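Below is one structure; the comments refer to it alone.
Residue numbers (my numbering): 63 to 255.
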């Protein structure tokens, strides 16, 4: 009986110490190496933190990150790389709203356009593919087209949500792709920002 109690106590002590070690490593700062196509928003989702916290910790201005850059992810980002792949898979199949504590900007993660999710789809795609905040894209689209995807400027011929001069028709997905290409070529200057 004494041997059984000793074994239980020893096993319990080992389990508790592993629990504490696991909790300590889960809260330790992480280092992430930026890959081509990454955005601060996507990295914040992967590590369950906010854009602002990543940018503040790494002195990032204007959401600009470069492939190969090493980012410090603060200790409050408790998601590990092994669980982040499950989170990424879940995010790819669902829509979820996330609000940062540091601003009133709400960002929706939407991976496919269904016809009824115009704003969440477009803002999600533009933010994740350009690294520019959803609120900035919302301001641009509201100013340019008031969220009317088929509007044509009769004076200039500019078309769609982004009032793009380089396309004259196209689906919402085509308009997003054209806007991303225009952003990559000209930056925010394409919309006079």
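Built from N, CA and C at the ideal position, the CB exists for glycine as well.
As the structure is a computational prediction, the values presented were derived from the model and not from experiment.
A direct Cα-to-Cα measurement between residue 129 and residue 250 gives close to 21 Å.
Rounded to the nearest angstrom, the gap between the Cα atoms of residue 230 and residue 134 is 43 Å. Between residue 238 and residue 101, the alpha-carbon positions lie close to 17 Å from each other. Bounds of the beta strand (DSSP E) holding residue 95 are 92-95. Residue burial is scored here from C-beta neighbours: residue 70 has fewer than 16 other C-beta atoms within 10 angstroms and is therefore classed as exposed.
In the DSSP assignment, residue 123 falls outside any beta strand (DSSP E), carrying neither H nor E.
The residue from 126, 91 and 127 with its alpha-carbon nearest to that of residue 111 is 91.
Between residue 173 and residue 132, the gap from beta carbon to beta carbon reaches 7 Å or more. Beta-bridge pairing by DSSP links residue 214 to 221. Contact annotation: residue 136 and residue 115 have beta-carbon atoms nearer than 7 Å.
Cα atoms of residue 219 and residue 234: separation of roughly 17 Å, rounded to the nearest angstrom. Restricting attention to 127, 106 and 113, the CA atom closest to the CA of residue 97 is found in 127. In this structure, the alpha-carbon of residue 186 lies about 30 Å from that of residue 217. Assignment of beta-bridge partners to residue 114 by DSSP yields no partner. At the C-beta level, residue 243 and residue 190 stay beyond 7 Å of one another.
Taking C-alpha positions only, residue 214 is separated from residue 228 by approximately 12 Å.
Residue 134: member of the beta strand (DSSP E) spanning 132-135, first to last residue.
A distance below 8 Å between beta-carbons, with the five flanking residues on each side excluded, links residue 209 to the following residues of its chain, in chain order: 180, 181, 203 and 223.
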